[in-house]
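**Q** Below is the structure I would like to discuss, written out as structure tokens.
Residue numbers (this note's numbering): 26 to 560.
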């Protein structure tokens, strides 16, 4: 009988635990606060300021950059400040770079610089390598002379454990324009040396390729790696289109005219076999201006002009996933209208959307086109951030959302911020899920590569996925304890520790403790009763 009672109690306890687990699986998605950067990095940046000599103008501004594998983050910080004896100038302040693990429990300051005088220095352009094992950033040092200021620029290539792999002296003016430094497929980085060489450094093999541009005054822009990492395209002096073939180790000028360029690093087709660019010829004043669009295909000797427009306000946005069509905007000056077109590489067009304002567009999942224009009734919102109207459409559906301040794709759904709420729109079900956001600093919002994490103002949060996700809850947990240390792992006099709170027991643990307590209580009562009977 006693064994039966004890077994029954154990069974009841296990069933309670099982029901609790099942209930947890049915909960909707939660967004949980992982870290408040103001309580950790923000305090550390503030401690770097000499309060006797400097005045802080604004709170720290954070930019987060996840590695592709999301094991680490770079956090770039700028805090506006100026000397008490002098006025503020553009860019004056404190610059700092930090590296952290995904839950921000281990934060290390990589470097910091002060730029509050002509002799100051800055940090900029942090980027991760393809593997996430390395990162780079740029340090620019200014030296005041009698009648001018000279600058020097150093590109740091470092491992994620903060070993300096290489320090490279770069041209301070040209390196600012050189974007997309890391290869999308390998741990290779491109840069412009002080000697005006365009170089590619292979971190794993510790070797470099150098290409002499033969001109100290050469202006390079629009640099972009092909998606397969085999080539780099760029413009030279805004009039030459050049392709660098890494395997063949050669430079090929494919087009030259008075004005030519490429757009936003998206000039390569997804299959890396085609490249688009534009050329502007003629005169707008004389009515002869033409905006020509060219496509250069692999294995062809010269590019093909696919279409011409008479407006400089036309723009190419990107290739379609099929590598055969381009998404572009065409401005009609006669009707003052803006049209989104699909342009094939053979020159045929398909009209997609028309608006009376300038558009920016991109291609999303499931053939959706995402277009935004500046909202004429609300160009600015409370904290001086741009607000937009957002149009989402494909061949079957069309949607419009107003007063959008941020938007991006999260899997197949559209995530956006509007009027103090973060919303997720599911095009298939046409359902909008929303939650209030706890910060108004949503000029800095960034979604991680997987979409599992989001950065809002100063808070890093994680999406907790469950099987049933029909709603989004905001559960703010305590910020984990964090110690900021120097890269050399030396004791840091500016350690900052965030408040750490006990999170308590989980529901399953509580059921287990209660069950064990019941069992032991029954055993003690039974033993006491038996002992009393024997007496």
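The beta carbon of each residue, even a glycine, is placed where N, CA and C say it ideally should be.
(1) So, are the CB atoms of residue 202 and residue 245 less than 8 Å apart?
(2) Grab the span of the alpha helix (DSSP H) containing residue 262 for me, first residue to last.
(3) Taking Cβ positions only, does residue 275 come closer than 8 Å to chain D?
(4) What would DSSP say about residue 521, mapped onto helix, strand or coil?
(5) Which residues bound the alpha helix (DSSP H) around residue 69?
(6) Helix, strand or coil, according to DSSP, for residue 527 in the structure here?
(7) Quick check on residue 392: does DSSP put it in helix, strand or coil?
(8) Once DSSP output is grouped into helix, strand and coil, what is the label at residue 47?
(9) Indicate the three-state DSSP secondary structure (helix, strand or coil) for residue 429 in the structure shown.
(10) Does the distance from the CB of residue 291 to the CB of residue 370 come in under 8 Å?
(11) On the DSSP letters alone, give me the boundaries of the beta strand (DSSP E) that residue 248 sits inside.
(12) When we look at the beta-carbon of residue 43 and count the other beta-carbons within 10 Å, is it buried (16 or more) or exposed?
(13) Using a Cβ-Cβ cutoff of less than 6 Å, which residues in the same chain neighbour residue 315 once the five nearest sequence positions on both sides are dropped?
(14) Could you tell me whether the segment 103-114 touches the segment 73-86, using the rule of 3 or more Cβ pairs below 8 Å?
(15) Determine which residues share a DSSP beta bridge with residue 305 and list them.
(16) Using a Cβ-Cβ cutoff of less than 6 Å, which residues in the same chain neighbour residue 416 once the five nearest sequence positions on both sides are dropped?
(17) To the nearest angstrom, how far is the alpha carbon of residue 134 from that of residue 345?
(18) Compare the C-alpha of residue 247 against each of 261, 253, 239 and 58 and name the closest.
(19) On a CA-only basis, which of 58, 129 and 118 is nearest residue 66? Give me that one, please.
(20) Applying the 10 Å Cβ sphere with the 16-neighbour rule, what's the burial state of residue 301?
(21) Just mark residue 143 as buried or exposed, buried being the case when its beta carbon has 16 or more other beta carbons within 10 Å.
(22) Within a Cβ cutoff of 7 Å, which residues of the same chain sit near residue 206, ignoring the five residues on either side of it in sequence?
(23) Could you tell me the distance, in whole angstroms, from the CA atom of residue 283 to the CA atom of residue 294?
(24) So, is residue 454 buried or exposed, given that buried needs 16 or more other C-beta atoms within 10 angstroms?
(25) By Cβ distance below 6 Å, which residues in the same chain neighbour residue 478 in space, the five residues on each side in sequence not counted?
(26) For residue 288, collect the residues of the same chain with a Cβ closer than 6 Å to its Cβ; drop the 5 residues on either side in sequence, then sort them by chain order.
(27) Please classify residue 356 as buried or exposed, where buried requires at least 16 neighbouring CB atoms within 10 angstroms.
(28) Return the chain-ordered list of same chain residues with a C-beta closer than 7 Å to the C-beta of residue 366, the five sequence neighbours on each side being excluded.
(29) Count the other C-beta atoms from every protein chain shown that fall within 10 angstroms of the C-beta of residue 39, then say buried if there are 16 or more, exposed otherwise.
(30) Pick out whichever of 413, 394 and 449 has its Cα sitting closest to the Cα of residue 428.
(31) Measure from the alpha carbon of residue 167 to the alpha carbon of each residue in 251, 156 and 179, then state which is nearest.
(32) Below 8 Å on the Cβ atoms is my guess for residue 251 versus residue 264; work out the distance and round it to an integer in Å.
(33) Excluding the 5 residues flanking residue 296 on each side, which residues of the same chain have their C-beta closer than 7 Å to its C-beta?
(34) Would you decide whether residue 310 is buried or exposed? Buried here means 16 or more other CB atoms lie within 10 Å of its CB.
**A** In brief:
(1) As a first step, residue 202 must be located in the chain shown, where it is residue number 177. As a first step, residue 245 must be located in the chain shown, where it is residue number 220. Yes, Cβ-Cβ distance for residue 202 and residue 245 is below 8 Å.
(2) Position 237 of the chain shown holds residue 262. First-last for residue 262: undefined, no H or E at that position.
(3) Included in the structure is just one protein chain, with no chain D present.
(4) Translated into the one-based positions of the chain shown, residue 521 becomes position 496. With a pLDDT of 33 at residue 521, under the threshold of 50, the modelled position of this residue cannot be trusted; read the value that follows with caution. Coil, per DSSP.
(5) In the chain shown, counting from the first residue as 1, residue 69 sits at position 44. Per DSSP, residue 69 belongs to the alpha helix (DSSP H) from 66-72.
(6) The residue you call residue 527 lines up with position 502 of the chain shown. Bear in mind that a pLDDT of 33 at residue 527, under 50, signals an unreliable position, so the number given afterwards is only what the model happens to contain. DSSP places residue 527 in coil when its eight states are reduced to three.
(7) Here residue 392 refers to the residue found at position 367 when the chain shown is read from its first residue. Note: residue 392 maps to helix in three-state DSSP.
(8) As a working note, residue 47 is residue 22 in the chain shown. Low local confidence applies: a pLDDT of 27 at residue 47 is under 50, so the model's placement there is unreliable, with the coordinate-based value given in what follows. In the three-state reduction of the DSSP assignment, residue 47 falls in the helix class.
(9) Position 404 of the chain shown, counting from 1, holds the residue named residue 429. In this structure, residue 429 counts as strand in the three-state DSSP scheme.
(10) Taking the first residue of the chain shown as position 1, residue 291 is located at position 266. Taking the first residue of the chain shown as position 1, residue 370 is located at position 345. By the CB criterion at 8 Å, residue 291 and residue 370 fall outside the cutoff.
(11) By one-based count along the chain shown, residue 248 stands at place 223. Per DSSP, residue 248 belongs to the beta strand (DSSP E) from 245-250.
(12) Residue mapping note: residue 43 aligns to position 18 of the chain shown, counting from 1. Any reading at residue 43 is ruled out, since the residue's pLDDT is 35, under 50, leaving its predicted position unreliable.
(13) Residue 315 sits at position 290 when you count from the first residue of the chain shown. Here the set comprises 306, 307 and 333.
(14) Taking 8 Å as the limit for Cβ pairs, the verdict is that the segment 73-86 does touch the segment 103-114.
(15) As a working mapping, residue 305 is identified with position 280 in the chain shown. By DSSP's assignment, residue 305 forms a beta bridge with 316.
(16) As a first step, residue 416 is located in the chain shown; it is residue number 391 there, counting from the start. In the same chain as residue 416, and ignoring 5 residues on each side of it, the C-beta atoms closer than 6 Å to its own belong to 396 and 425, in chain order.
(17) The residue labelled residue 134 in the question sits at position 109 within the chain shown. The residue labelled residue 345 in the question sits at position 320 within the chain shown. When rounded, the distance between both Cα atoms is 41 Å.
(18) Within the chain shown, residue 247 is the residue found at index 222, counting from 1. Closest by alpha carbon: 261.
(19) Here residue 66 corresponds to residue number 41 of the chain shown, with the count starting at 1. Residue 129 is the option with its Cα nearest to residue 66.
(20) As a working mapping, residue 301 is identified with position 276 in the chain shown. It is buried - the Cβ of residue 301 has at least 16 other Cβ atoms within 10 Å.
(21) In the chain shown, the residue the question calls residue 143 occupies position 118. It counts as exposed.
(22) Translated into the one-based positions of the chain shown, residue 206 becomes position 181. Correct list, in chain order: 152, 161, 214, 215 and 216.
(23) Within the chain shown, numbered from 1, the residue matching residue 283 stands at position 258. Within the chain shown, numbered from 1, the residue matching residue 294 stands at position 269. When rounded, the distance between both Cα atoms is 25 Å.
(24) Sequence index remark: in the chain shown, residue 454 carries index 429 (1-based). Exposed.
(25) If you number the chain shown from 1, residue 478 lands on position 453. Counting only residues of its own chain and dropping the five nearest sequence neighbours on each side, residue 478 has a CB closer than 6 Å to the CB of 487.
(26) Position 263 of the chain shown holds residue 288. Excluding five sequence positions before and after residue 288, the CB atoms of its chain that fall closer than 6 Å to its own CB belong to 341, given in chain order.
(27) Here residue 356 refers to the residue found at position 331 of the chain shown. With 16 or more other Cβ atoms within 10 Å, it is buried.
(28) As a first step, residue 366 must be located in the chain shown, where it is residue number 341. Non-local C-beta neighbours of residue 366 in its own chain, meaning closer than 7 Å and more than five positions away in sequence, comprise 353, 355, 374, 375, 376 and 377, ordered along the chain.
(29) Against the chain shown, residue 39 aligns to sequence position 14. Because the pLDDT at residue 39 is just 37, under 50, the model does not fix this residue reliably, and the value given afterwards should be weighed accordingly. Residue 39 counts as exposed, since fewer than 16 other beta carbons sit within 10 angstroms of its beta carbon.
(30) The residue labelled residue 428 in the question sits at position 403 within the chain shown. Nearest C-alpha to residue 428: 413.
(31) As a position in the chain shown, residue 167 is number 142, starting the count at 1. Checked all of 251, 156 and 179; the closest Cα to residue 167 is 179.
(32) Numbered from its first residue, the chain shown carries residue 251 at position 226. Numbered from its first residue, the chain shown carries residue 264 at position 239. Contact between residue 251 and residue 264 does not hold, since the beta-carbon distance rounds to 22 Å and is not under 8 Å.
(33) Sequence index remark: in the chain shown, residue 296 carries index 271 (1-based). The answer, listed in chain order, is 348.
(34) For this step, residue 310 is matched to residue 285 along the chain shown. Exposed, because fewer than 16 other Cβ atoms sit within 10 Å of the Cβ of residue 310.
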